[in-house]
Amino acid sequence: MRPGNGRAKQDMRGGWAKRGLVGAAVAAMLPFGVVAGPAAADTNPNAFDFYVDSSMGSVKTRIVRAADGNTDRVVYLLDGERAQNDYNGWEIHTAIPAALAKFNINVVMPVGGESSFYQDWDGPSSFGGSNPDANLFPSRDSGSAIAGWDETSGKSYTYQWETFLTQNLRDALRDRLGFSDSRNGIFGLSSGGSAALLFAAYHPDQFNYAGSLSGYLYMSAPGMRDALRLALLAAGGYNIDSMAAAGSPKWQRMDPYGFVGNLVANNTRLYISAGSAVPAQQDLSSTDAVIQGMPLEGIALANTKAFQSKLQGLNYDNVTYDLPTIGVHNWGNWEQAANRMLPDIAQHIGKPLPPGAQPAPPADGPGGAQPPNGEQPAGAPAPGPGPQN
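According to mature numbering (1 follows the signal peptide of the UniProt record, and there is no 0), the sequence shown holds residues -36 to -1, 1 to 353 in order.
Below you can see the structure in the form of structure tokens.
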């Protein structure tokens, strides 16, 4: 199925060279999948389906209108490696889309892109022209914690997610819904956090705000490609070499640690968050949160601190760092981080505010206006908890 159908600079090399943290996370990743968090009771009743043609086929995006009906303030929400083909994880597992709408922000949630990092891949994912037996990667409905095998997404065709988000979807939102295609915000979790920064780095005419929540922000660090290789294999059986060859210009282009200068030159407003890898009290009842969520968040935190050090070395201050004393690699952590980010993103996207002015206060009541004529209304069944990343 196609988609939708200021400290001194730290020397991180020694810690990365030991690879202990990376190895621990990889070991945890393989038998358990990725940590589950609390699931929303149902999808957002004000969201509607929005289909856009692309080289990947007709791709579904879920839209929630701003409560006040404006078309100027737009934020894209990016999923993680285990993105599903039915709904975006932010809608399945959190109330963030409704919260954004109440802040008078239009919400754009691309659906699909498992293990894609939202990149334009070199070719369809394959291993010497074929893919491993599907039995190695049981479906999400099989009861296995390993993410579902999808025999077509990114395998029978080439992932072209950067092109889709910055051209196909961007143009369709402008032409069909009247949404502004400049000074948009974008944020994501895990692999989606890395992608959010990339889009702001290379498409500043579209995105002036980017947020990374537990993102992998030093992808070229020793051991990271090996860890990501296993992560993509576990999350659907994807070959990282089909995305970008090791050491290639494309791989270097993908690394936030390498393109940080673009963000500085663009004066992108940044929100950089990662948990401490210490579980919250509610996480202690979950074996996955402890065994897997802690080391995975440890990797994200190490990546984030390396990225923070590089920004601080460049004396860049158009950024908020959010590094709480608790939080593992799960949706509970990401929802809390996104809620803390909301006032900041509301202040910086859309048309620039006059000096001293504040954005309109959040609306009362349910967020989101009704879908426009010709678009498909919501009517989705209540989703299950599903695996996360």
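Glycine included, each C-beta is placed from N, C-alpha and C at the ideal position.
Asked: Contact check, T35 vs S144 under 8 Å by CB: the rounded distance?; Found: 6 Å
Asked: DSSP state of N282, grouped into three classes?; Found: coil
Asked: Quick one, are the C-beta atoms of I313 and R147 less than 8 Å apart?; Found: yes
Asked: Is the CB-CB distance between L129 and P74 below 8 Å?; Found: yes
Asked: Here's the rule I'm using: 16 or more other beta-carbon atoms within 10 Å means buried, otherwise exposed. How should G(-23) be labelled?; Found: With a pLDDT of only 42 at G(-23), under the threshold of 50, the placement of this residue in the model should not be trusted; the figure read from the coordinates follows. Result: exposed.
Asked: Cβ of A65 within 8 Å of Cβ of R26?; Found: no
Asked: Per the DSSP calculation, F14 is bridged to which residue(s)?; Found: T25
Asked: Find the nearest neighbour of V38 within the set N294, Y173 and N282, judged by alpha-carbon distance.; Found: Y173
Asked: Mark A229 as exposed unless 16 or more other C-beta atoms lie within 10 angstroms of its C-beta, in which case mark it buried.; Found: exposed
Asked: So, is T251 buried or exposed, given that buried needs 16 or more other C-beta atoms within 10 angstroms?; Found: exposed
Asked: Using the Cα positions of S178 and I56, report the straight-line distance between them to the nearest angstrom.; Found: 19 Å
Asked: Along the chain, where does the alpha helix (DSSP H) containing M20 start, and where does it finish?; Found: First-last for M20: undefined, no H or E at that position.
Asked: Using only CA atoms, which one of D139, S90 and N303 lies nearest to M207?; Found: S90
Asked: So, are the CB atoms of V72 and Y121 less than 8 Å apart?; Found: no
Asked: Flag this pair as yes or no: are the beta carbons of G156 and G44 separated by less than 8 Å?; Found: yes
Asked: Closer than 7 Å by C-beta to R134: which residues in its own chain qualify, once you throw out the five before and the five after it? Chain order, please.; Found: D145 and Q170
Asked: Decide yes or no for the touch test of the stretch 299 to 311 against the stretch 233 to 251: beta carbon pairs closer than 8 Å, at least 3 of them.; Found: yes
Asked: What are the boundary residues of the alpha helix (DSSP H) that P213 is part of?; Found: P213 to M218
Asked: Ordered along the chain, which non-local residues of its own chain (more than five positions away) have a Cβ less than 6 Å from that of P168?; Found: N230
Asked: Find the nearest neighbour of W85 within the set S212, K315 and M258, judged by alpha-carbon distance.; Found: S212
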